[in-house]
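Quick notes on the structure that follows.
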Amino acid sequence: MAVGGQRPPPDYTKGIFQTLGFKEFHEYLMLPPDKKDSEDGKKLLQESIENMKMATRRYARRQNKMVKSRFLDHPTREIPLIFELNTTNLSQWDIEVKEKAINIINSFITNSPCQYEHLKSNVCQEKSNLNAHSSNYCKDCERLIIGDKEFSIHLSSHKHMRVLKAKKRLAKLAEMKKDEDTKQTE
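Under full-length UniProt numbering, residues 1 to 186 are what the sequence shown spells out, in order.
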């Protein structure tokens with residue numbers, strides 16, 4: 001305990017505080033036992049449950065993104081086949097998830113063809129089509145850029161966008177000057 005009987009605020013980067021859901025329930029858990037059954041306590045519990053559901057969905061999205069980028073976006077890497085299982089309908093769990101997972105694992109163990117289609121990545125094919133050594137010239141920026149990936153990155157960069165904006169502004173000024181000159185000659 002800190003000075004004055006006050007507890008220091010929890011550090012959510014260490015120990016039990018890192019547990020999924022603990023941070024979301026902190027306010028409710030800190031209530032005195034007699035307040036937990038009150039209306040405010042019940043409301044806080046419901047808010048905590050909703051916060052945990054949102055955090056779990058965020059975590060699941062990050063995990064899916066990580067799995068796809070780690071396994072599906074590397075054309076040169078030798079990885080096992082990845083299968084997608086639909087887990088959205090809990091009443092169909094045994095059919096949609098459990099049975100399919102068992103069949104997929106059995107086909108892997110017995111080295112036999114699987115009846116379910118594995119995930120394929122178009123990104124892998126796109127990345128393998130990119131030439132790392134090609135020369136690309138950006139006329140707007142007057143720069144030579146080596147590699148298709150780097151050129152693609154350049155085209156969406158802030159520097160490239162600034163150059164385009166400046167050229168557009170200069171073209172507009174030139175057009176206004178031209179209009180002004182034609183009005184003066186009339």
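Glycine included, C-beta positions come from ideal geometry on N, C-alpha and C.
Residue i and residue j: beta carbons closer than 9 angstroms?
i, j, result
"LEU81", "HIS118", "yes"
"HIS26", "PRO10", "yes"
"LEU144", "SER135", "yes"
"HIS158", "CYS138", "no"
"TYR59", "LEU45", "no"
Only counting the same chain, and skipping five residues up and downstream in sequence, which positions put a Cβ closer than 6 angstroms to that of residue i?
i, result
"MET52", "GLY21, GLU24"
"LYS36", "none"
"VAL163", "ASP140, CYS141"
"GLY41", "LEU31, LYS35"
"ASN86", "GLU96"
Judging by CA-CA distance, which residue of the options is the nearest neighbour of residue i?
i, options, result
"ALA55", "LYS149, GLN18, SER91", "GLN18"
Within the same chain, show all residues whose beta-carbon is closer than 7 angstroms to that of residue i, passing over the 5 residues directly before and after it, in chain order.
i, result
"THR185", "none"
By Cβ distance, which residues of its chain are closer than 8 angstroms to residue i, with the 5 residues on each side in sequence left out?
i, result
"CYS114", "LEU81, PHE83, ASN103, ILE104, SER107, PHE108"
"ALA166", "none"
- Message: My parser needs the beta strand (DSSP E) runs of 3 or more residues fully inside the region 105–170; what are they?
- Response: Within the region 105–170, the runs of beta strand (DSSP E) at least 3 residues long that lie entirely inside it are, in chain order, 135–138, 143–146.
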